[in-house]
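Enquirer: Here it is: the structure, laid out below.
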Amino acid sequence: RIIRQLPGGAQSKTYLVELKATRQQFILKKVNYLEDVDRAKVDVEVELMRSLDSDFTVHLVCTFPDPMEVELCMILEYCVRGDFRNLIDEFQQLPESEKLMRGWEYTAQITRALDHLHSHNVMHRDLKPANILVNQDGTIRLGDFGLAREMNDDYYLTIAGTKVYMAPEVHLLKRMDKSSDIFSLGAIIFQLITGHHPYEADSEEAMIDKIKKNQVLQVPD
32 RIIRQLPGGA QSKTYLVELK ATRQQFILKK VNYLEDVDRA KVDVEVELMR
82 SLDSDFTVHL VCTFPDPMEV ELCMILEYCV RGDFRNLIDE FQQLPESEKL
132 MRGWEYTAQI TRALDHLHSH NVMHRDLKPA NILVNQDGTI RLGDFGLARE
182 MNDDYYLTIA GTKVYMAPEV HLLKRMDKSS DIFSLGAIIF QLITGHHPYE
232 ADSEEAMIDK IKKNQVLQVP D
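Residue numbers (this note's numbering): 32 to 252.
Encoded structure:
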């Protein structure tokens, strides 16, 4: 049964659902599957999720088409604590004595998860707090592989991802590689530790300009 609809992207609808027999909860993600171009994108995402399945990634339980075959339904693991944006907010309230330990812990988990992708020759290309999910025990999963691609694919000269977490070379339409994901990781950890985006500005356009020029926010000690 559907419990409630969750915020989703432009190309998908997301719901929290429950299996009545066991009361176990999952995420139901419905993605456009009518046009050939939509099918191709979704098929790549599903294939990558299956090949990358591990303790570092959100588990794909199963997929099935809706009755009209307009959408593909994906049943995903439900990470109870939401996404990393919640942890960033919680982190700012921690006593200083705990921040160092927690900061290292979160950094290590995300780094290991990203290394898992890169060891399989895959770039995430949209690493951001909203795409890092957190389980009840604090373990972290990478999610949303809609833009992920193998590094030998011809996707290097395209702008992909969330603009304020994109590396300078992506904005400048230069060659992408795994270091572009590392840039996004660095921006996320900076935001975790300081509570501020490293290229914080009054508008997205101004933030992108700062990223291109590598004008990092100066944070007081």
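Glycine residues also receive a C-beta, built at the ideal position from the N, C-alpha and C atoms.
Given a cut-off of 8 Å, decide if Val75 and Arg172 are closer than it, judged by their beta-carbon atoms.
Expert: As a first step, residue 172 is located in the sequence shown; it is residue number 141 there, counting from the start. As a first step, residue 75 is located in the sequence shown; it is residue number 44 there, counting from the start. The answer is no: Cβ separation not under 8 Å.
Enquirer: Residues in the same chain with beta-carbon distance under 6 Å from Phe95, minus the five sequence neighbours each way, listed in chain order, please.
Expert: Looking up residue 95 in the sequence shown gives position 64. Cβ within range, chain order: Cys104.
Enquirer: Just to confirm the assignment, what range does the beta strand (DSSP E) spanning Lys130 have?
Expert: Residue mapping note: residue 130 aligns to position 99 of the sequence shown, counting from 1. Not the beta strand (DSSP E): Lys130 falls in the alpha helix (DSSP H), residues 127-150.
Enquirer: Please list the terminal residues of the continuous alpha helix (DSSP H) segment that includes Thr225.
Expert: Here residue 225 refers to the residue found at position 194 when the sequence shown is read from its first residue. Run containing Thr225: 209-225, per the alpha helix (DSSP H) assignment.
Enquirer: Is DSSP giving Arg81 helix, strand or coil here?
Expert: Within the sequence shown, numbered from 1, the residue matching residue 81 stands at position 50. Reduced to three states, the DSSP call for Arg81 is helix.
Enquirer: Tell me, which residues are paired with Cys93 by DSSP?
Expert: By one-based count along the sequence shown, residue 93 stands at place 62. In DSSP, Cys93 forms a bridge with Ile106.
Enquirer: Assuming Arg35 is part of the beta strand (DSSP E), what are its boundary residues?
Expert: As a position in the sequence shown, residue 35 is number 4, starting the count at 1. Element bounds for Arg35: 33-37.
Enquirer: Apply the 10 Å Cβ neighbour rule to Ser82 and answer buried if 16 or more other Cβ atoms are within range, or exposed otherwise.
Expert: Position 51 of the sequence shown holds residue 82. With fewer than 16 Cβ atoms within 10 Å of its Cβ, Ser82 is classed as exposed.
Enquirer: With which residues is Leu50 paired in a DSSP beta bridge?
Expert: Translated into positions along the sequence shown, residue 50 becomes position 19. BP columns for Leu50 point to Gln55.
Enquirer: Identify the continuous alpha helix (DSSP H) that holds Arg116 and give its terminal residues.
Expert: Translated into positions along the sequence shown, residue 116 becomes position 85. Run containing Arg116: 115-123, per the alpha helix (DSSP H) assignment.
Enquirer: Alpha carbon to alpha carbon, how far is Arg116 from Gly177? Give it in angstroms, no decimals.
Expert: For the purposes of this step, residue 177 is taken as the residue at position 146 of the sequence shown. For the purposes of this step, residue 116 is taken as the residue at position 85 of the sequence shown. Rounded to whole angstroms, Gly177 to Arg116 spans 20 Å at the Cα level.
Enquirer: Tell whether a beta-carbon distance below 8 Å holds between Glu49 and Gln42.
Expert: Translated into the one-based positions of the sequence shown, residue 49 becomes position 18. Translated into the one-based positions of the sequence shown, residue 42 becomes position 11. Cβ distance not < 8 Å, so Glu49 and Gln42 don't count as in contact.
Enquirer: Roughly how many angstroms separate the alpha carbons of Lys51 and Arg32, rounded to a whole number?
Expert: Here residue 51 refers to the residue found at position 20 when the sequence shown is read from its first residue. Here residue 32 refers to the residue found at position 1 when the sequence shown is read from its first residue. Spanning the two alpha carbons is a distance of roughly 7 Å.
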